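Below you'll find the structure, written out as structure tokens, and then a few comments.
Numbering (the working numbering), first residue to last: 453 to 777.
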């Protein structure tokens, strides 16, 4: 997944490893594995969990509706945990492979493994293919409908690096990946539609939309780290597009996200609304009030933590609702 994921997230927007803060001075003496760890954003593994979180949203949402046994939920959660690991690796490596020339021109990303020459383009491509293969193997235990649902995610993840050249708002591609991952988790848990249409399930539609807005909000804050460089090299994105009124735009996204979360769980218990609705509203409002969009360090700090913490709050509310059923 383009990850954000994207899921898959982009090379600039995952909230993961910041190479500018962790330079590798003695490349020849470094472990051959280190560049691949950096390429996969495993230090820390934020990108991995950004792929995992929307999938677990779908699992928990479906489990509550189906009243699934705990052992089944744990089994599916374990499968998607491993699956999301390989999807994340493939997504961020593909993004770095396509964007290597751009990364070399951006201060924060110029020391990434491909951009600095620690990993060749051929080796990176082989790595991407291997991770895609392992991700496919992980799908063997899930229903066929879930496997099919991965198709749009794979296509959009592959397109994302090019979207930054073609679209004024490439975050929408990441948002689609993240929101559709909710559907994947739902189907992996066995929540099919029995001949109906998934769009008739309004709560899951609202949850998918809220996930998309969460992604756009946090990714736009994170993108402000590289705003000056992006303008110089011609990289498109919402940070560039909404210059001058970014904070207003982000507050509107917060209102939209909280509203969608509320309607997704309109008939759920108190715990869901405390964690997923109230918790997200308070935390995100705090982030928007304190983040300095002109300070790259502030943007990186708040967006990186907010991606994970907001996702954790949403998952906590969904878990509480499942446990209450």
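Glycine is no exception: its CB is placed at the ideal position from the N, C-alpha and C atoms. The model shown is predicted, which means the values in this text are computed figures rather than measured ones.
query	result
Stretch-stretch touch, CB-based, cutoff 8 Å, three pairs: the segment 522 to 532 with the segment 505 to 513	yes
Distance CB(residue 613)-CB(residue 550) smaller than 8 Å	yes
Secondary structure of residue 507, DSSP reduced to three states	helix
Residues near residue 643 by beta carbon distance below 7 Å, same chain, minus five either side	514, 517, 518
Rounded separation between residue 684 and residue 553 - CA only	14 Å
Best match in 623, 615, 660, 495 for proximity to residue 636 [C-alpha to C-alpha]	660
Spatial distance of residue 539 from residue 725 (CA atoms)	31 Å
Alpha carbon of residue 671 to alpha carbon of residue 623, nearest angstrom	7 Å
C-beta contact flag for residue 595 and residue 633 at 8 Å	no
Segment limits, alpha helix (DSSP H) that includes residue 521	Counting along the chain, residue 521 falls outside any alpha helix (DSSP H), and DSSP gives it neither H nor E.
contact_flag[the segment 699 to 709, the segment 734 to 752] where n(CB pairs < 8 Å) is 3 or more	yes
Cβ neighbours of residue 769 in the same chain (closer than 6 Å, five flanking residues each side left out)	724, 727, 728
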